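Residue numbers (the working numbering): 2 to 244. For each residue, glycine too, the CB sits at the ideal point set by N, CA and C. Computed from a prediction, not measured in an experiment: that's the story for all the values here. Take a look at the structure set out below.
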């Protein structure tokens with residue numbers, strides 16, 4: 002992907018399977034994300050333990066879990082364990098005792114060097130396109146975006162224009178999540194966009210052409226200025242699905 006795109010777009014955490022479109026009067030589906038750092042040379046054993054645990058205790062429904070690996074970024078080599086999409090009520094009755102915890106402690110925890118942050122992200126269907134494309138791609142660029150105070154409305158207008166651009170192209174996903182647990186210095190919004198491999202990631206996606214086809218000549222540069230106006234900072238990770 003061209004670096005101009007990387008400067009404009011942003012996102013974190015955690016594309017999970019089975020995202021549900023929600024109407025405005027329905028609660029948005031929420032996904033829990035947890036960073037996990039494997040012990041040295043224990044990646045394969047950790048993956049095997051996580052897969053077996055998920056198949057036994059989180060196969061489907063509101064407790065469905067998945068695994069992503071961070072291939073590039075400040076947490077390169079870490080994993081992200083995801084549970085969801087689910088709802089808040091289901092978080093109160095999640096499997097977390099007895100056989101569930103015994104299995105985790107026996108088959109997963111021995112291969113973990115460090116536990117990172119745990120977060121909750123709501124999927125925002127209004128500002129998203131291509132959930133099925135994301136699942137098929139197997140990879141995504143995740144940006145955690147910190148929005149400047151008082152600039153969320155303008156930021157929402159920006160990501161709506163990007164969503165419509167991705168929708169007009171029709172070949173890549175653009176997903177938006179809202180961070181529901183505020184932490185000092187943490188992100189407000191996570192944006193995810195799909196790619197199939199590193200050659201694809203490094204190619205020209207023709208986003209500028211698609212954007213200016215919708216919004217007119219010069220609109221791409223104006224979008225850069227809007228980004229500078231409303232975004233404080235961002236953090237990027239390239240992730241892959243662990244299947």
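- When secondary structure is reduced to three states using DSSP, residue 173 falls in the coil class, being assigned neither helix nor strand.
- According to the DSSP assignment, residue 50 belongs to the alpha helix (DSSP H) that extends over 44-58.
- The count of Cβ pairs closer than 8 angstroms, one atom from the region 79-88 and one from the region 148-155, stays below three, leaving the stretches out of contact.
- Taking one beta carbon from each stretch, the region 179-187 and the region 222-230 have fewer than 3 pairs nearer than 8 angstroms; the two do not touch.
- Every beta strand (DSSP E) stretch that sits fully inside the region 140-212 and reaches 3 residues is listed by chain position as 140-148, 175-180 and 190-196.
- One Cα belongs to residue 201, the other to residue 195, and the distance between them is close to 10 angstroms.
- Per DSSP, the beta bridge partners of residue 68 are 82 and 243.
- Under the three-state reduction of DSSP, residue 39 is assigned to strand.
- For residue 97, the three-state secondary structure derived from DSSP is coil.
- In its chain, beyond the 5 residues on either side, 29, 177, 178 and 179 have a beta carbon closer than 7 angstroms to the beta carbon of residue 125.
- Within 10 angstroms of the beta-carbon of residue 39 lie 16 or more other beta-carbons, which makes it buried.
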